[in-house]
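Trainee: Per the numbering used here: the sequence shown ends with 269, consecutive numbering throughout.
Every residue gets a Cβ at the ideal spot worked out from N, C-alpha and C, and that includes glycine.
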Amino acid sequence: MSSTEIKSKIQNANALDFGIIFNQSIELFKKVWVQGLVMLLLNIVLAIPIIMIVYIPLLFFGFANALTVGSSYDSYGFYGDSGMGFAFGLVFFVVYIFLIVAMSAIGLGLKAAFYRICKFKDLEQSGKEDYFYFFKKPYLGKTIKLGVAFTGIALLATLLCLLPIIYAVVPLSFIVVVYAFNPDLSVSEIIGLGFDLGNKKWLISFGLMFVTGFLAMIVGFLMCGLGVYVTSSFGYLPSYFIYKDVVGFDEEDDQMRRIEQLSTF
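#1: Please work out which residues of its chain come closer than 7 Å, Cβ to Cβ, to threonine 147, disregarding the five sequence neighbours upstream and downstream, and give them in chain order.
#2: With phenylalanine 218 as the anchor, note down where its alpha helix (DSSP H) starts and where it stops.
#3: Could you say which of Pro242, Gly196 and Gly239 lies nearest to isoleucine 14 if we only look at CA atoms?
#4: Measuring CB to CB, does tyrosine 233 end up less than 8 Å from leucine 41?
#5: Look at threonine 235 and glycine 224 and say whether their C-beta atoms are less than 8 Å apart.
#6: Using the three-state DSSP reduction, which class does proline 168 fall into: helix, strand or coil?
#7: Restricting to Cα atoms, I'd like to know which of Ala172, Phe199, Tyr171 and Leu167 is closest to valine 182.
#8: Do isoleucine 104 and valine 36 have their CB atoms nearer than 8 Å?
#9: At the level of alpha carbons, what is the spacing between leucine 44 and phenylalanine 118?
#10: Which residue wins for smallest C-alpha separation from phenylalanine 245, given the options Ser6, Asn16 and Asp21?
#11: Cβ-heavy atom distance between isoleucine 14 and the ligand ATP below 7 Å?
#12: For serine 29, count neighbouring Cβ atoms within 10 angstroms of its own Cβ and tell me buried if that reaches 16, exposed if not.
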């Protein structure tokens, strides 16, 4: 499905029913809560080596900086090596941004794969539960680029204070959904369509995300706290159904893409 067709469907979308989408999300959650838990655990597991790779050199650099500063203080009675402190701050900032982008790309790729699995379960289709689908050769570069864009938009919205980040939460969530079902579109098209859909259905989307996210948190805490890991994916499902109702799926293109992917490996 081309970006023009998707945009046209978004612009001509009918009104959505809050209750229907909420009930659909509950029913689908019963089918995919295990997959949602696996997605979250994979996110944590993949994040650990990234954090170690990033922070071990940073800690070493900070230790060296502390020794240098201490030596300067002992020799001159003050912290004379301001250049070293500035360098440490700059390195820390760069590493911190890299860490956020890496975590964003990992989370985005896993969540997009989760939405593909949701489609299989929802439509009762046969398909491999491939959590690393968007980390393979055809899409890895695009996943990283979207992770960079996702981070940039989120940081910019955060710097502009509370209201922009509240607004941006909805389009950002749809960027992942659009990518999940249209991975062959360009990065700019995916981001643009995510914002188009987010703008068109912002109020009902935010309401559903808030309610499902809140319920997932409450029920999770009632399950001794650790249940949050089980229920967290419930908050992702309204975005799937909103996309399904507004845009839908091009089954022919989707089937051809799966055949092409199978022939590649």
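Mentor: Straight from the coordinates:
#1: Excluding positions up to five away in sequence, the list reads Ala109, Leu112, Gly113, Phe138 and Phe139.
#2: Looking at the DSSP string, the run of the alpha helix (DSSP H) that includes phenylalanine 218 is 206-226.
#3: Each of Pro242, Gly196 and Gly239 was checked against the Cα of isoleucine 14, and the nearest Cα belongs to Gly196.
#4: For tyrosine 233 and leucine 41, yes; Cβs fall inside 8 Å.
#5: Using a Cβ distance threshold of 8 Å, threonine 235 and glycine 224 count as a contacting pair.
#6: For proline 168, the three-state secondary structure derived from DSSP is helix.
#7: Ranking the options by Cα distance to valine 182, first place goes to Phe199.
#8: Pairing isoleucine 104 with valine 36 gives a Cβ-Cβ distance that is not under 8 Å.
#9: When rounded, the separation of the alpha-carbon atoms in leucine 44 and phenylalanine 118 is 10 Å.
#10: Comparing alpha carbon positions, the residue from Ser6, Asn16 and Asp21 closest to phenylalanine 245 is Asp21.
#11: For the structure depicted, the ligand ATP is absent and the ligand set is empty, with no information on it obtainable.
#12: Residue environment: serine 29 is assigned as buried (16 or more neighbouring CB atoms within 10 Å of its CB, all protein chains considered).
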